[in-house]
Each structure stands twice: as structure tokens, then as C-alpha cells.
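Novice: Quick one: this structure, given as C-alpha cells, is what I'll be asking you about.
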Amino acid sequence: MALSRRSVVGTGLVGSAALLSGCTRAPADIRIGFVVKMPQEQWFQDEWRFAKAAARDFGFTLIEIGAEDGDRVLSALWTLYARYAQGFIICAPDPRLGPAIAEYAERTGMKALAVDDRLSAPDGTPIAHMPYVGISATAIGKLAGEAAATEARRRHWALASTGVLRLAFDSLETAQERTSGAIDALASEGFSQVFDAPQRTSDTEGAFTAAAPVITANPAIDQWIIVGLNDESVIGGVRAAEGLSMTSGDIIGVGIGGSEAAVSELAKPTPTGFFATVLLSARRHGYDTAAAMYRWIKDGVRPPAVTLTSGTLMNRGNFRQILAREAIA
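This is how it looks when you write it as C-alpha cells:
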């Protein structure tokens, strides 16, 4: 049951706060909150940038709030309610805050949409009644694997002498899903010689340290396809192979993320073993979610229960055009 504005504040759902005046008239415009867990990160900055573009296009007010922990999430929700937001989009620092966030939305009448990380109960059960827009880790991995297989075929690599190096960071579920998607796609094309290189850390140094001994231990492999959790992992694997005197023509690394590190590789005058990256679109997670929330508030059009996005393959031939398109907001 939705509560009055005075009763919500008075019950102290999010701690002590000044009482809102019961006589204050709600503004006429639509107001939408966008709460993110790491506001300093470029991904979330881009989400906000695209959400602001949607606000300009549709004529609503966007309220951006960073919330790095549970207390700040609750404070952010109270702030949104106090500022008469009719709905909010949220990527929470801990998905297990789901029940508290869902209850607050229900009690205040604000509409809620989760982005990037799906909200869940403490046992991991998703908050099914809250719409969610996220990234399909398996689909992204599959795209990376398909791109690598296509390029290996174009280079006429023999299956018997081609190895697949999986930079493994299996403690993270998303990493497992991404690399599994890539391995499945490669296996379907006949590239079934898979060698795991477990990483202690998910950065370039961690990948380099993991990859070098695996490559060294398999001298019968003449060409390597390299996949991993992110661009940094794949670049580390590529550097390890290059450090063992392999040429770029014998390496196909396909990363995930479209990071600055990946762009730097693709922009080098001479090709490296880093062949491509799957760019994740902050536009869809920022602009499209904000527009969907606006339509939900204004027209009553509820977003789908689950929307999973994939990515765009970016290589030396198209990365400038794709980045220019993504930058428009």
C-alpha cells in the first residue's frame, strides 16, 4: 500500500530526516532518479550522460545520485522521494539490497528499474517483479568466440595446431559466463583444444603471469586464440605470447569491454595480436532505460521483466566510427 509523503518520512524508513511539508505541491514535471554504485567509473558516467540526453529529448528532469554503500542507497531513495521523483533506475552496490529497495518503492509509489546488476534477495533469488536491464554475459562471450573463429578461418589456421587460451577468473560468475560463451562458440567451429590459465587478478599483469607458463608448456601449438573476462585479461595474454616470440599473425585476441586499453591496441600503427573487442553499450543502459522509465510514468507502459543486451564487435577497421556513434549524446 502506498503511503503519504508525510507518513513515509515520519516512519523513518531511511533514518532521520527533516519532515516534508504536507502542504507542498508536487511539481508538474516528471522527475526520474538514476542511482549508481560507482559514480567515478567511466561506465556509470556514460550511463548518466546518455540518460541526460534522454531527459533533454523527452523533457523530464534527471536526478543523478552516487551510492557506494547500503546506507547511501537508502539516503538516495529518501532524497528522490523528497524531490518528488516518480521513479528511479538503480545499480546498487550490493544486489542483496533488493528487498529493501523494492519495499521502499512499493511503499512510496515510486517505480523502480534495476540496471547492470539484478537485485536479489539475500539467498540470490532475483526480485522478479522489478524490471531489469542487464548484460548477457554468455551472449557477449559467444560474440567474442565467433569473431575469433571467423578470423582464424580467414587465416586458414589448422585445427590441430591451434590452441584456445582461456584466461580464467572463475571466482566471478560473470567471468565464467563470458568465457564459457566464447569457448562454446569456438568449439562449435571445431576449435576444441582449450587450455585454461587461471588468473589471480583480472588485470593485464595477472593475465600475463597466468598465460606465459601455459603457452610455454605447449610448444606444439603454433597459433593461439585468446579469450578472457575483459580487454585487460586478453591484452595480458597477447603480451605473454608476443614475449615468447610469437608474431601478431599467429595470435587472435578478442577482448570484452571496449576499454581505453583496447582502443589503444586497435589504434596502433602496426597490428598486434589483439584483434578485436566487444564494446558494451552504455547508451542502451543509460538512454534506453531512462526513456523506458519515462514512458512507464507518463503512459503506463511497463518495461519488460528482463532485457539483456549484448555488444558490438569493434576492430581496427571500424572502431573509430563505432566510438564516434557511441559518443553522441
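Just so you know, this note's numbering puts 982 at position 78 of the sequence shown, and the rest follows in order with no gaps. Glycine included, every Cβ here is placed at the ideal spot set by N, Cα and C. Note that this is a predicted model, so its numbers are computed, not measured.
1) Could you check if GLY1140 is buried or exposed, using at least 16 other CB atoms within 10 Å of its CB as the buried criterion?
2) Please list the terminal residues of the continuous alpha helix (DSSP H) segment that includes ILE1139.
3) Could you give the residue range of the alpha helix (DSSP H) that holds PHE1112?
4) Let me know if LYS1202 comes out buried or exposed under the rule of 16 or more other beta-carbons within 10 Å of its beta-carbon.
5) Using 8 Å for Cβ pairs, my map puts ALA1114 next to GLN1103. What's the rounded Cβ distance?
6) Please check the pair THR1090 and ALA1052, which I expect to be a contact at CB under 8 Å, by giving their CB distance rounded to whole angstroms.
7) Would you say the beta carbon of THR1213 is closer than 8 Å to some non-hydrogen atom of the ligand COA?
8) Which word fits HIS1189, buried or exposed, when buried means at least 16 other C-beta atoms lie within 10 angstroms of its C-beta?
9) Skipping 5 residues on each side, what residues in its chain have a beta carbon closer than 6 Å to that of ALA1079?
10) Inspect the CB distances between the stretch 930-947 and the stretch 1167-1179 and report whether three or more fall short of 8 Å.
11) CB-CB under 6 Å to ARG1206, same chain, minus the five flanking residues each way: which ones, in chain order?
12) Buried or exposed for GLU1007, going by 16 or more other Cβ atoms inside 10 Å?
13) From this set, SER1185, TYR985, ALA1041, which residue's C-alpha is nearest PHE954's C-alpha?
14) Could you tell me whether the stretch 1110-1125 touches the stretch 1142-1161, using the rule of 3 or more Cβ pairs below 8 Å?
15) For a quick check, are the C-beta atoms of ASP975 and CYS995 less than 9 Å apart?
16) Might you give, ordered along the chain, the residues of its own chain that have their beta carbon closer than 6 Å to the beta carbon of LEU1240, omitting 5 neighbours on each side?
17) Taking contact to mean at least 3 C-beta pairs separated by less than 8 Å, is the stretch 954-963 in contact with the stretch 976-989?
18) Would you give the residue range spanned by the beta strand (DSSP E) that LEU1090 belongs to?
19) How would you label ASP1192, buried or exposed, when you count the other beta carbons within 10 angstroms and need 16 or more for buried?
20) Suppose contacts are defined by Cβ-Cβ distances below 9 Å. Is ASN1122 in contact with GLY1067 by that definition?
21) Which of the three DSSP states, helix, strand or coil, is assigned to GLN949?
22) According to DSSP, simplified to helix, strand and coil, what is THR965?
23) Looking at the unbroken alpha helix (DSSP H) that takes in ILE936, where does it start and where does it end?
24) Do ALA1025 and GLY1038 have their beta-carbon atoms positioned less than 9 Å apart in this structure?
25) Might you give, ordered along the chain, the residues of its own chain that have their beta carbon closer than 8 Å to the beta carbon of CYS927, omitting 5 neighbours on each side?
26) Determine the closest residue to ALA1048 out of ALA1195, ALA1231, GLU1077, MET1218, with distance taken between C-alpha atoms.
Specialist: Looking at the atomic coordinates:
1) The residue in question, GLY1140, is buried, as its Cβ has 16 or more Cβ neighbours within 10 Å.
2) For ILE1139, the enclosing alpha helix (DSSP H) begins and ends at 1135-1147.
3) Secondary structure note for PHE1112: its alpha helix (DSSP H) is the uninterrupted segment 1108-1120.
4) By the 10 Å Cβ count, LYS1202 comes out exposed.
5) About 5 Å; that satisfies the 8 Å criterion.
6) Sequence check: residue 1090 is Leu here, not Thr. LEU1090 to ALA1052, Cβ: 6 Å. Contact.
7) Among the components of this structure there are no ligands whatsoever, and the ligand COA is therefore not found.
8) Counting Cβ neighbours within 10 Å, HIS1189 comes out buried, since at least 16 surround it.
9) Correct list, in chain order: PHE1073, LEU1133.
10) Put simply, the stretch 930-947 does not touch the stretch 1167-1179. Fewer than three CB pairs are less than 8 Å apart.
11) The residues are TRP1200.
12) Counting other Cβ atoms within 10 Å of its Cβ, GLU1007 stays below 16 and is therefore classed as exposed.
13) Per the Cα distances, SER1185.
14) Judged by Cβ distances under 8 Å, the stretch 1110-1125 makes contact with the stretch 1142-1161, as three or more pairs qualify.
15) No, the pair does not count as a contact, with Cβ atoms beyond the cut-off.
16) An answer regarding residue 1240 cannot be provided, because it is not within the stretch 905 to 1233 covered by the chain.
17) No, because fewer than three Cβ pairs between the stretch 954-963 and the stretch 976-989 fall closer than 8 Å, the two stretches do not touch.
18) For LEU1090, no beta strand (DSSP E) run applies; the uninterrupted alpha helix (DSSP H) run containing it begins and ends at 1077-1092, by DSSP.
19) Note on ASP1192: 16 or more other CB atoms within 10 angstroms of its CB, so buried under the neighbour-count rule.
20) Contact flag set, yes.
21) Reduced to three states, the DSSP call for GLN949 is helix.
22) DSSP places THR965 in strand when its eight states are reduced to three.
23) Note, ILE936: premise wrong, no alpha helix (DSSP H); beta strand (DSSP E) at 935-940.
24) Not in contact: GLY1038 and ALA1025 (Cβ atoms no closer than 9 Å).
25) Any reading at CYS927 must be qualified, since the residue scores a pLDDT of 45, below 50, and its modelled position is unreliable; the value itself is stated next. Within its own chain, no residue has a Cβ closer than 8 Å to the Cβ of CYS927 once the five positions on either side in sequence are excluded.
26) With distances taken between CA atoms, ALA1048 lies nearest to MET1218 out of ALA1195, ALA1231, GLU1077, MET1218.
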